[in-house]
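Protein sequence lines, in the order shown, are assigned to chains A and B. Residue numbering for the first sequence follows the working numbering, starting at 173 and increasing by one per position. Residue numbering for the second sequence follows the working numbering, starting at 173 and increasing by one per position. Note that beta-carbon positions come from the ideal geometry of N, C-alpha and C, so glycine has one too. Right, one structure below, let's go through it.
There are 2 protein chains.
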Amino acid sequence: MSELSQEELDEIYAFAVNLGKEAGRMLLNAAKLRFGNNKREENAHVEKDNAVDLVTQTDEDVEAYIKSQITLKYPSHKSVLPVEFIGEETYSKGASRDYLINDDPTWCVDPLDGTVNYIHLFPMFCVSIGFIVKNKAMIGVIHAPFLNQLFSACSGRGAWLNETQSLPLVRNPIPPMPAKAPSGCVFSCEWGKDRRDLPDSNLHRKVESFMNMAAEVGGRDGRGGMVHGMRCLGSATLDLAYTAMGSFDIWWEGGCWEWDVAAGIAILQEAGGLVTTANPPDDPANAPIENVRLGSRLYLAIRPAGASATESGRQSQERTVREVWRRVRNLDYSRPGA
Amino acid sequence: MSELSQEELDEIYAFAVNLGKEAGRMLLNAAKLRFGNNKREENAHVEKDNAVDLVTQTDEDVEAYIKSQITLKYPSHKSVLPVEFIGEETYSKGASRDYLINDDPTWCVDPLDGTVNYIHLFPMFCVSIGFIVKNKAMIGVIHAPFLNQLFSACSGRGAWLNETQSLPLVRNPIPPMPAKAPSGCVFSCEWGKDRRDLPDSNLHRKVESFMNMAAEVGGRDGRGGMVHGMRCLGSATLDLAYTAMGSFDIWWEGGCWEWDVAAGIAILQEAGGLVTTANPPDDPANAPIENVRLGSRLYLAIRPAGASATESGRQSQERTVREVWRRVRNLDYSRPGA
Chain A
173 MSELSQEELD EIYAFAVNLG KEAGRMLLNA AKLRFGNNKR EENAHVEKDN AVDLVTQTDE
233 DVEAYIKSQI TLKYPSHKSV LPVEFIGEET YSKGASRDYL INDDPTWCVD PLDGTVNYIH
293 LFPMFCVSIG FIVKNKAMIG VIHAPFLNQL FSACSGRGAW LNETQSLPLV RNPIPPMPAK
353 APSGCVFSCE WGKDRRDLPD SNLHRKVESF MNMAAEVGGR DGRGGMVHGM RCLGSATLDL
413 AYTAMGSFDI WWEGGCWEWD VAAGIAILQE AGGLVTTANP PDDPANAPIE NVRLGSRLYL
473 AIRPAGASAT ESGRQSQERT VREVWRRVRN LDYSRPGA
Chain B
173 MSELSQEELD EIYAFAVNLG KEAGRMLLNA AKLRFGNNKR EENAHVEKDN AVDLVTQTDE
233 DVEAYIKSQI TLKYPSHKSV LPVEFIGEET YSKGASRDYL INDDPTWCVD PLDGTVNYIH
293 LFPMFCVSIG FIVKNKAMIG VIHAPFLNQL FSACSGRGAW LNETQSLPLV RNPIPPMPAK
353 APSGCVFSCE WGKDRRDLPD SNLHRKVESF MNMAAEVGGR DGRGGMVHGM RCLGSATLDL
413 AYTAMGSFDI WWEGGCWEWD VAAGIAILQE AGGLVTTANP PDDPANAPIE NVRLGSRLYL
473 AIRPAGASAT ESGRQSQERT VREVWRRVRN LDYSRPGA
């Protein structure tokens, strides 16, 4: 398939934004069925022992809706959604053990990101819709309906909050990364689901990395990063959205799948952010800093940054990447079978 | 002063809600001055090197506004606001080294909670207005304007989101705490500002506690709590609000001052939550579980919980408190001079 024109892309973008709005409404409406709201008779049956079944049903309903809309409008496009790849076991039974994305125009969708938050009705959940062409995330739509926040971007059209506010929020000029980053930075990270308490497990490697980022400068044998704040939201997608917004300076995480990050990466890159690998290379001070491969499962994102008197924005981002790499451990998240 | 009637309290509540709405609007309007919004000429001067001065100015403006409104309407009431006690140094110079709250009707206000979030324009910031009588938090108003969320409660009038939705959200019936809590729970915690990397410092004690709560069941010498999710928002006030909502099951933190927690405790208690001390007593399995003293600086909050076939809601909350105490370390936050 040949390149898409900007006009074709714009049409797909408008479709994706409407899809995200409607899917987010579905998520919020389903959540509201669980609200008590003093209507005892209507809701008494709903919560019972376990909200998880309800949430699974909603997830599947929203996924079916999105998939049917895409198939109807763009029958030639490929779709990648988590239900087809639930868990590593199912995944490894599939034909492909490699990245899920190839050169075809591909929709990469998570109908519900932040599932734990959704189960507990913490507002940090969203639908995430990415559109990928030739391995590049071209369009991203993230709708967090309980927060009234819609993030969207299309290559060449900028990145937006609620379709009216350019991202990053602070611009004209966009501030450079702090001179002593990670000091002065808000660092976003996730504890994730892998909680094995084995020597040198991902949990231990993560916590050691968190400690290095948090501790006072001079602490931790010189690795102390004294970040301005440590944040954990429980949604990789919203971590990326808030990094695009400039609210988070750094996001570092391992274990995400394509659908967790495709839309967020599209939005962050269009806003001017950088996404590379979470795992420090052998020579963190000098290794080239490459854009992340979408299916790598290892992500380090830096917010959009402007130039200072002495550095370009990209230079200040790369300086920050190297300072993070100096403080974090390698995480062990390979592709199943890879 | 004698007890306030419900009618007097209702009037004060209406005043507090309006105060919270207006103060939140002031916070959001000041934040929006920092948005670029493509109006280059208007905003170019604003960000410069440092957003902190701007934020300090906003904090002071909102504080002055709130204080003037309270003085005008209720000249006999006492007010406790952070500016008068900034930092421990200033605090310890004051006459009182004891709790800031006595039996007088007292407004306990944080014009801007989540300062780091506000500086970075992460939406988790709010104004927090508590009204205390005889050491009990009677009224709480928390307004997070960038989230469009207003939490409010008055003793005897229930707890509310945006004045229309009863808290906790899931009710009729309110679910009990999970049978194997902290497993199944969302655990909210904060890294805070004390990042000293000394042996057994608060930072190390906190992280050891976080690890115990996060690790798989059976891990950490039997302390592994395998919580459903770990969350860090950077706002003690909103941690309490989301615990009242039922989104967070457990919040554990040390170091907060009265103004960080007064409104949140009022809302959480009115919603049916429990707040006791963060530090485990000598006999965590059997020690009595007392409501926290407002100025204790050590807080463990449990969401509202309903009865199950075998336990009252309070019993399931107390069971959860003991399970948390078994996994966390004592934190060292005393009153200055105490």
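Proximity to residue i [Cα-Cα], best of the options
i        : options                                : result
Gly394/A : Leu375/A, Glu495/A, Ala203/A, Glu425/A : Glu495/A
Glu388/B : Leu226/A, Trp363/A, Phe294/A           : Trp363/A
Tyr290/B : Met198/B, Gly478/B, His376/B           : Met198/B
Asn374/B : Pro317/B, Trp429/B, Leu470/B, Gly208/B : Leu470/B
Asn514/B : Glu335/B, Ser419/B, Gly397/B           : The requested residue 514/B does not occur in the structure, where chain B is confined to residues 173 to 510.
Thr230/B : Val379/B, Lys245/B, His249/B, Leu205/B : Leu205/B
Asp233/B : Gly196/B, Lys245/B, Ser248/B, Phe207/B : Gly196/B
Gly427/B : Val493/B, Lys378/B, Phe207/B           : Lys378/B
Ile437/A : Arg499/A, Val493/A, Asp225/A, Val313/A : Val313/A
Asn307/B : Ser484/B, Val493/B, Val433/B, Arg498/B : Val433/B
Trp423/B : Asp454/B, Phe382/B, Ala236/B           : Phe382/B
His292/B : Ala481/A, Trp497/A, Gln178/A, Pro476/A : Pro476/A
Pro371/B : Ala386/A, Gly391/A, Gly356/A           : Gly391/A
Ala316/A : Gly286/A, Ala481/A, Ser355/A           : Gly286/A
Short CB-CB distance (under 8 Å) between residue i and chain A
i        : result
Arg329/B : no
Ser338/B : yes
Tyr290/B : no
Phe297/B : no
Val500/B : no
Asp369/B : yes
Phe323/B : no
Gly396/B : yes
Gly436/B : no
Asn451/B : no
Asn344/B : yes
Phe303/B : no
Thr492/B : no
Below-8 Å beta-carbon distance, residue i vs any chain B residue
i        : result
His400/A : yes
Glu388/A : yes
Ser484/A : no
Trp363/A : yes
Leu405/A : yes
Asn215/A : Only weak support is given to the placement of Asn215/A: the predicted model assigns it a pLDDT of 42, under 50, and the question is left unresolved by the model.
Ser488/A : no
Met310/A : no
Leu503/A : no
Val513/A : A query on residue 513/A cannot be resolved here, the shown segment of chain A reaching from 173 to 510 and no further.
Gly444/A : no
Leu191/A : no
Asn511/A : Residue 511/A lies beyond the stretch modelled for chain A, which goes from 173 to 510, so this question has no answer here.
Gly137/A : Absent from the structure is residue 137/A, since the part of chain A shown begins at 173 and ends at 510.
Asn320/A : yes
Anticipated Cβ contact below 8 Å, residue i with residue j, distance rounded
i        : j        : result
Thr278/A : Val252/A : 6 Å
Met296/B : Leu466/B : Actually they are not in contact, since the Cβ atoms of Met296/B and Leu466/B sit about 23 Å apart, beyond 8 Å.
Ile301/A : Met310/A : No, Ile301/A and Met310/A are not in contact; Cβ-Cβ is about 12 Å, not under 8 Å.
Ala479/A : Ala416/A : Rounded, the Cβ-Cβ distance is 19 Å, inconsistent with contact.
Arg499/B : Asn344/B : Wrong, their Cβ atoms sit about 32 Å apart, outside the cutoff.
Val342/A : Gly208/B : 6 Å
Gly328/B : Gln441/B : At roughly 12 Å, the Cβ-Cβ gap does not stay under 8 Å, so Gly328/B and Gln441/B are not in contact.
For residue i: DSSP bridge partner residues
i        : result
Ser355/A : Val399/A
Gln337/B : Leu333/B
Ala459/B : For Ala459/B, which the question treats as bridged, DSSP gives no partner whatsoever.
Lys308/A : Val305/A
Val493/B : Bridge partners of Val493/B: none, in fact.
Cys404/A : Cys404/B
Ser360/B : Arg403/B, Trp423/B
Thr278/A : Lys250/A, Ile304/A
Gln321/B : Ala316/B
Asp285/B : Cys298/B
Ala473/A : Trp423/A, Val447/A
Cys428/B : Its beta-bridge partners do not exist; DSSP assigns none.
Next on the checklist: Measuring CB atoms only, is the region 316-326 of chain B touching the region 176-190 of chain B, in the sense that at least three cross pairs come out at less than 8 Å?
Outcome noted: yes
Checklist entry - Looking at C-beta atoms only, is the number of pairs between the region 489-504 of chain B and the region 443-453 of chain B that lie closer than 8 Å three or more? => result yes
Item to check | Validate contact between the region 352-367 of chain A and the region 396-404 of chain A using beta carbons, cut 8 Å, 3 pairs | outcome: yes
Item to check | Three CB pairs or more closer than 8 Å across the region 342-357 of chain A and the region 482-497 of chain A | outcome: yes
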